[in-house]
Structures are given as structure tokens and as C-alpha cells.
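Here is the structure we will look at.
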Amino acid sequence: MKIAYFYNEDWEIDYVKERLPEQEILFLKGSTTDHPEVRDPEVGILSVFVNSPVGKDELDRFPNLKHIATRSTGFDHIDCDEAKARGISISYVPAYGENTVAEFAMALLLTVSRRMYECIKKVQDEGLFSQEGLRGFDLKGKTMGILGIGRIGVHMIRMAKGFDMKVVAFDLYPKQSMAQELGFSYVTLDELLAQSDVMSLHLPYMKETHHIINKESIRKMKKGSVLINTARGGLVETEALAEGLREGILLGVGLDVLEEEAFVEDEARLLFEAHPKEEDLKTILANHYLIAHPRAVIAPHNAFNTDEAIRRILDTVTQNMKAYMQNQSINLIP
């Protein structure tokens, strides 16, 4: 079965070929939007990363597609309803780096709490070896609120405990046995907002979690708290973050994801559209405010990006494709 594989780095080609030596693979560098000219009725499997949208138009380009193997845990870049309506199954990578993403979340927290970015800029940009205006705060004794107790959230709990922090958690499907084992408490969302000195988001993005952090919830937070998001940008209303920083409710934020990240890269296209949506324009402005804010540490969706994690992702996705071709079902999205 022919595979269309949209890749990001050249070394992936040999890595994938070694694991699928008997398959015909069409390697395409970049994303699905980079190759609008590619139309292939022989392709039965499509493999993409989160930078490749897969909607009706993309599916039309591969009319005999049977399976999509995304190299990610999230799958909101795929129109799952449209794929299912066409009888196309979808596999994903359920776990590749619970430690990888959690470590990055903790790095963002330490960068905010100890004002590391400002420290570095003062020395590098201003040549000043001075501590003035750089006082941070300890994590020991603080309360961390974790939203989403999946694999990454669990690893975050263990690290928070290593810093002698108290942990409270909110999850759509709480498991009390896990709370007893790891020594944390489940609370309601409002209780978490009120109690937490630090919040770290590890929820999946879906209808129920869209803008779970919004203007109303920001106003319920403890004054001077910190928000960390390495999950999905759509979990947080961008305007709410900007408002929280302006009003001093949020002392700082550490973000590896932004709502509508594509706008940051391609805002000119949006601004020159005949009738851009008001909400989209507001998101652009709020994103710019956050990027320029001295207490907002923003990374370019890089939490997953370690050598070990990338190889685990490719190992899993090649196994997913092998299993599909052998009429087996592993790691399928229900």
C-alpha cells in the first residue's frame, strides 16, 4: 500500500525506510499546505505531523485513502468527522514523552519563577551584572494546580512533589486511586483556580475543554499566580491571558502553545482577507501583547522536541502503519 509521508527533517527518510523497507513511500518535505499540487489516487496511507491540516480539501487529493497515521498525541489538525464519514481510520501516538513535555513545562515554570529570561537579557543585551528588579519566588511550599491527569500530568505531579510543592488537580475523569498513590487531591475547577499559586495545563483539546481558561476563570485565580501551558493553545482564551497580566492577577505565564498559532506566522494573509473575523483580529493583537510582555515566556511549540522523543514518535507511527496493513488495530482514535 502506497504511503504519503509529509516530513520535517531529512534524516526521517532513512529512519522510516529502514522500518518499512517493503513499502512504496512518497516523501514530501513540509506540510500538506506546502504541496497543494500533490494528488495521488494510489495513496492508501497518509502520515502527517501537527503542522499539516487534514480536512476535506486534503482528503479529496487522496481519493483512495484508507488510513491516517498522525505523528502526534493530539489530532485537532485532522477533520476526524470527515475522515470517519469516508471510512478512513486514524491512528495516533498515545505516549511518546510524558517526561519530555513535563520537563519542558517545569523549565517554563522555573524560567518565570526565577525570572531567568530577564536575567539573561539583562546580561546579554545590556551588559549589566546586576540583580536589581530580578527577584523571583521559591516553589517549595507553593500549591501547584494541574489540569489534566494523563501521562504528562502524572509526571508533572512527581516533579512538583520533588520541589516540595502541594498538588491539587482537576480532571474530567478523576481516578481516586491515583490521587492516593501520588499524594495529591482532586478539587473542582473553581477550587483549583482559587488555591493554586501555579497552574499547569495538560488537558486534551476538545469541545468540552475549549477556553477552559477564560476571562471568568482568570478572575477567580489567586492574585499573583502563574499559568503554564504546554498542551493546546485553544484551552486558553488569549484575550483573558492578556487581561490577567494587565490587571496583575497573573504574575507571569509560560506558554509553549498559542491560540491560533498560525496567525503569528501568517498574519499578513489574514489581515488582507476581504472580511477577517473580529475574533481572529483580537487574537492576533492579544498574541502580540503576550509575545512582547516581559513576564510572558513564550516558546515555539517545542516541548516535544528532543532526540529521544522524536525517535519514539517515529517508532510508534511506523508500528501503527504496519499494524494497519496487517489488519490489526492499535492506537486508533475511536
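One rule links them: number in our numbering = place in the sequence shown (from 1) + 1. Glycine included, each C-beta is placed from N, C-alpha and C at the ideal position. Values in this document were obtained by computation on a predicted structure and should not be read as measured data.
>> Give me the residue from M200, I229, V237 with the minimum Cα distance to M207.
In response: Residue mapping note: residue 207 aligns to position 206 of the sequence shown, counting from 1. Closest by alpha carbon: V237.
> Out of curiosity, what's the CA-to-CA distance linking R313 and E248?
Replying inline: Taking the first residue of the sequence shown as position 1, residue 313 is located at position 312. Taking the first residue of the sequence shown as position 1, residue 248 is located at position 247. Roughly 42 Å separates the two Cα atoms.
>> Assuming the contact rule is C-beta atoms closer than 8 Å, A293 and V254 should be a hit. Round their C-beta distance to whole Å, please.
In response: Here the question's residue 293 lines up with position 292 in the sequence shown. Here the question's residue 254 lines up with position 253 in the sequence shown. With a Cβ gap of about 13 Å, A293 and V254 do not count as contacting.
>> Counting C-beta neighbours from all protein chains within 10 Å, is the total for I121 16 or more, i.e. buried, or is it exposed?
In response: Counted from its first residue, the sequence shown places residue 121 at position 120. It counts as exposed.
> If we ignore side chains and look at the alpha-carbon of each, how far apart do T112 and E10 end up?
Replying inline: Taking the first residue of the sequence shown as 1, we reach residue 112 at position 111. Taking the first residue of the sequence shown as 1, we reach residue 10 at position 9. Going from the Cα of T112 to the Cα of E10 covers about 29 Å.
> Looking only at its own chain, which residues have a Cβ that is under 8 Å from the Cβ of N65, when we skip the five neighbours before and after it?
Replying inline: Position 64 of the sequence shown, counted from the first residue, corresponds to residue 65. Excluding sequence positions up to five before and after N65, its CB lies within less than 8 Å of the CB of P42, E43, V44, G45, all in the same chain and listed in chain order.
>> Could you compute how far the alpha carbon of L251 sits from the alpha carbon of I213?
In response: On the sequence shown, position 250 is the one that residue 251 refers to. On the sequence shown, position 212 is the one that residue 213 refers to. One alpha carbon belongs to L251, the other to I213, and they sit about 16 Å apart.
> Short check: CB of D257 to CB of L109, under 8 Å?
Replying inline: Locating residue 257 in the sequence shown gives position 256, counting from the first residue. Locating residue 109 in the sequence shown gives position 108, counting from the first residue. Yes. Within cutoff.
>> What would DSSP say about I292, mapped onto helix, strand or coil?
In response: The count along the sequence shown starts at 1 and reaches residue 292 at position 291. In the three-state reduction of the DSSP assignment, I292 falls in the helix class, which pools H, G and I.
> Helix, strand or coil: which one does DSSP assign to L111?
Replying inline: One-based indexing of the sequence shown puts residue 111 at position 110. Reduced to three states, the DSSP call for L111 is helix.
>> Among F105, L259, L47, S73, whose alpha-carbon lies nearest the alpha-carbon of K67?
In response: Here residue 67 is taken as the residue at index 66 of the sequence shown, counted from 1. L47 is the residue among F105, L259, L47, S73 whose C-alpha sits nearest the C-alpha of K67.
> For Q196, which residues of its own chain have a beta-carbon under 8 Å away from its beta-carbon, when the five flanking residues on both sides are left out?
Replying inline: For the purposes of this step, residue 196 is taken as the residue at position 195 of the sequence shown. These residues qualify, in order along the chain: T144, G146, V169, V188, K223.
> Per DSSP, what kind of secondary structure is M166 in: helix, strand or coil?
Replying inline: Within the sequence shown, residue 166 is the residue found at index 165, counting from 1. Coil.
>> If I follow the unbroken beta strand (DSSP E) through A70, where does it start and stop?
In response: Indexing the sequence shown from 1 puts residue 70 at position 69. Its beta strand (DSSP E) spans residues 68–71.
>> Distance check for H211 and Q327, CA to CA, integer angstroms please.
In response: Counting from 1 along the sequence shown, the entry for residue 327 is found at position 326. Counting from 1 along the sequence shown, the entry for residue 211 is found at position 210. Their Cα atoms are separated by approximately 37 Å.
>> At the level of alpha carbons, what is the spacing between G245 and H203?
In response: In the sequence shown, residue 245 corresponds to position 244, counting from 1. In the sequence shown, residue 203 corresponds to position 202, counting from 1. Straight-line Cα distance between these residues: approximately 20 Å.
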